[in-house]
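Same order as they appear, the protein sequences are chains A and B.
Mapping the first sequence onto the working numbering, position 63 (from 1) lands on 1253, and the numbers just tick up by one.
Mapping the second sequence onto the working numbering, position 206 (from 1) lands on 226, and the numbers just tick up by one.
From the three backbone atoms N, C-alpha and C, an ideal C-beta is built for every residue, glycine too.
Predicted model, so just to flag it, every value in this text is computed and none were measured.
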Amino acid sequence: MEVEIRMEEGRKEPKVIILTGEETEEVRRLVEQLQELRLDPVPVRRQEERLLLPQEAFLRFYTDGKGVSAQTDTETFAVPLRLYELEERLDKSRFARISNGEIINLNKVTAVDLSLSGTIRMTLEGGVYVYVSRRYVKKIKETLKAGRRRNQ
Amino acid sequence: MKGEKRPFPLRVVLGGLLGAVVAPLVVCYGWGSWIGIGEGVPVGAFGLSFLMVFRSMASAFGSAEVAAVVQSLLGALLGGVVTVATLPFAEDGKTLVRRSLFHFLATQGAFLLLILVCRWVDGWWLPLLYSALLTLLYLLIWLGRWTGWYLEVVELRELLGLDPGPTPLKWRETLPYLPLVLLMCLGVPLALRVPEYMLGKGFPALSGVYYPILVLPVVSLCVGVSLGKRRGVCPLYPAACLLCCLPMTCWLVGAFSTPPYYCLLSVIPALLGNLGGWLWRRRKGGKMP
């Protein structure tokens, strides 16, 4: 399959056109996978300043009582969205909900540990610890397996 | 999770009904069997020939009918408590431990109440034995659940492309220390026996007193600290110390009728050292066991 990238000035969102002789099962799968991709940047606030940051910059999104916050390697921002709205906007192959109040970037996980009391702790890049609710383990595994299938 | 929102009052009612029915059946079919229950002979109640309560309980409550009702109520209590056994496992961490402990105490209480009030067992050691068996069952269920979670974590690590992590009970991590354990618990005492044997018969002061009291605890402690600092809690290390010290302990006890504390001189420092090393590691790196 040939892949070609054309740069277009002023374009904010990428557009993919598939040129094919016939609509095969593979082409349909490719379309499905492309539609699942969520590449939009995430709107965040740093005090009064409004920013759009790429998804891969984030370690995690979490609720902290006041609202939703987003943590990157270097700083934490406020997010003007609810967690479930974020969940819909984020790339499903990269981000997964690990508890009622937290979504993490699975590409940033560096370790997974289990304590004697059954608590699952994930370590993210930069030594950030997050705790996984066992209720979400099945869903995380499904996300990871789906990602693996896509890469095969 | 949806499974957690199952109507547990319904479960309690069903479990209670089952417990109420099973209690008289246990009396009828368990009496005189291998499970060893029964204080006296069971009697019927409500004009039935079905032997549902023990005579001693019937005497204590004034009539077989009242005793049968009390027995079924206590059976229902135990049945109800047992049916919610899976609920604590829906939670995480401290909540899980707290709820499990609470459920364990409730189960033990209901169980002891049933077997003692209904005169299912007499004496003091049979209730203790059944209570210990229930505790063992609880521990086994816990271990089973923990193993399940452990396998889930292993799968997560694999899917994330991470290092597979420690082996169960850290057996592979402990393995490099095994030659050292063999040497300190078995090799050195046996080597010390050679000059003792050559010097003549009598109590082996080197292998039986000086080495186990002055050297073995210190070495076991230091090795434990080293292992704890590098690998965290490794329960197989003190277990290996115990196993490797057994031949020497048996020999000393058999030959000189000394108390069998030789093992403890290695096991306790090994355990303390390992825990100390693990605490040091936690303080330094904030790592999980």
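Sorted by chain position, which residues of the same chain lie with C-beta nearer than 7 angstroms to residue i's C-beta, five sequence neighbours on each side aside?
| i | result |
| --- | --- |
| Leu132 (chain B) | Pro147 and Ser151 |
| Tyr197 (chain B) | Val243, Leu247 and Tyr257 |
| Ala105 (chain B) | His123 |
So what does DSSP say about residue i, is it helix, strand or coil?
| i | result |
| --- | --- |
| Val1206 (chain A) | coil |
| Tyr1326 (chain A) | helix |
| Glu1292 (chain A) | strand |
| Arg1287 (chain A) | strand |
| Tyr281 (chain B) | coil |
| Gln1237 (chain A) | coil |
| Thr1266 (chain A) | strand |
| Leu1304 (chain A) | strand |
| Ser1259 (chain A) | strand |
| Arg302 (chain B) | helix |
| Phe223 (chain B) | coil |
| Phe70 (chain B) | coil |
| Val253 (chain B) | coil |
| Pro1244 (chain A) | coil |
| Pro186 (chain B) | coil |
With C-beta atoms as the reference, is residue i less than 8 angstroms away from residue j?
| i | j | result |
| --- | --- | --- |
| Leu1304 (chain A) | Tyr49 (chain B) | no |
| Leu179 (chain B) | Leu1334 (chain A) | yes |
| Val137 (chain B) | Gly95 (chain B) | no |
| Ser1289 (chain A) | Tyr1326 (chain A) | yes |
| Glu175 (chain B) | Lys1331 (chain A) | yes |
| Cys264 (chain B) | Cys205 (chain B) | yes |
| Arg1287 (chain A) | Glu1278 (chain A) | no |
| Val245 (chain B) | Tyr231 (chain B) | no |
| Thr1309 (chain A) | Ala1301 (chain A) | no |
| Ala324 (chain B) | Pro44 (chain B) | Because chain B spans 21 through 309 in this model, residue 324 (chain B) falls outside it and cannot be assessed. |
| Leu1273 (chain A) | Ile1293 (chain A) | yes |
Determine the direct distance from the alpha carbon of residue j to that of residue i, and round the result to whole angstroms.
| i | j | result |
| --- | --- | --- |
| Gly228 (chain B) | Val73 (chain B) | 58 angstroms |
| Arg303 (chain B) | Glu1315 (chain A) | 20 angstroms |
| Ile1198 (chain A) | Phe28 (chain B) | Note that residue 1198 (chain A) is Glu in the sequence shown here, rather than Ile. Roughly 60 angstroms between the two C-alpha positions. |
| Arg1235 (chain A) | Phe1285 (chain A) | 20 angstroms |
| Asp183 (chain B) | Pro1244 (chain A) | 28 angstroms |
| Tyr282 (chain B) | Tyr158 (chain B) | 32 angstroms |
| Leu1249 (chain A) | Leu97 (chain B) | 49 angstroms |
| Leu1306 (chain A) | Trp166 (chain B) | 8 angstroms |
| Met268 (chain B) | Gly168 (chain B) | 38 angstroms |
| Val1320 (chain A) | Val1206 (chain A) | 36 angstroms |
| Arg192 (chain B) | Lys249 (chain B) | 16 angstroms |
| Pro186 (chain B) | Leu299 (chain B) | 18 angstroms |
| Gln1223 (chain A) | Ala1247 (chain A) | 22 angstroms |
| Gly1211 (chain A) | Val1217 (chain A) | 10 angstroms |
| Leu93 (chain B) | Gly35 (chain B) | 12 angstroms |
| Phe81 (chain B) | Asp1254 (chain A) | 59 angstroms |
| Phe109 (chain B) | Leu125 (chain B) | 16 angstroms |
| Leu154 (chain B) | Ile161 (chain B) | 11 angstroms |
| Leu134 (chain B) | Leu1296 (chain A) | 51 angstroms |
| Leu266 (chain B) | Thr1262 (chain A) | 55 angstroms |
| Leu116 (chain B) | Gln128 (chain B) | 18 angstroms |
| Gly164 (chain B) | Tyr1252 (chain A) | 32 angstroms |
| Asp142 (chain B) | Leu272 (chain B) | 40 angstroms |
In chain order, what residues of the same chain lie with their CB nearer than 8 angstroms to the CB of residue i, ignoring the 5 residues before and after it?
| i | result |
| --- | --- |
| Pro1204 (chain A) | Leu1229 |
| Val33 (chain B) | Gly100 |
| Trp54 (chain B) | With a pLDDT of only 49 at Trp54 (chain B), under 50, the local geometry of the prediction cannot be trusted, and the value read off the model is given with reservation. Closer than 8 angstroms at the Cβ level, and outside the excluded window around Trp54 (chain B), lies no residue. |
| Leu107 (chain B) | Glu24, Phe28, Arg119 and His123 |
Can you tell me whether residue i is buried or exposed, with buried defined as 16 or more other CB within 10 angstroms of its CB?
| i | result |
| --- | --- |
| Glu172 (chain B) | buried |
| Gly1257 (chain A) | exposed |
| Lys1329 (chain A) | exposed |
| Lys1298 (chain A) | buried |
| Val1322 (chain A) | buried |
| Lys114 (chain B) | exposed |
| Trp140 (chain B) | buried |
| Lys1202 (chain A) | exposed |
| Pro224 (chain B) | buried |
| Arg301 (chain B) | buried |
| Val201 (chain B) | buried |
| Cys270 (chain B) | exposed |
| Val1221 (chain A) | exposed |
| Ser69 (chain B) | exposed |
| Arg251 (chain B) | buried |
| Gln1237 (chain A) | exposed |
| Val102 (chain B) | buried |
| Tyr217 (chain B) | exposed |
Quick check: is any heavy atom of the ligand SAM less than 7 angstroms from the C-beta of residue i?
| i | result |
| --- | --- |
| Glu1315 (chain A) | As presented, the structure is devoid of all ligands, the ligand SAM included, so that no description of it is given. |
Could you name the residues of the same chain whose beta carbon sits closer than 6 angstroms to that of residue i, not counting the 5 residues immediately before and after it, in chain order?
| i | result |
| --- | --- |
| Pro237 (chain B) | Leu285 and Pro289 |
| Leu291 (chain B) | Pro258 |
| Leu37 (chain B) | none |
| Leu1344 (chain A) | Because chain A in this structure spans residues 1191 to 1342, residue 1344 (chain A) falls outside the shown range and cannot be described. |
Chain-ordered residues of the stretch 1237-1271 of chain A with a beta carbon less than 8 angstroms from chain E: The structure shown contains no chain E; its protein chains are A and B.
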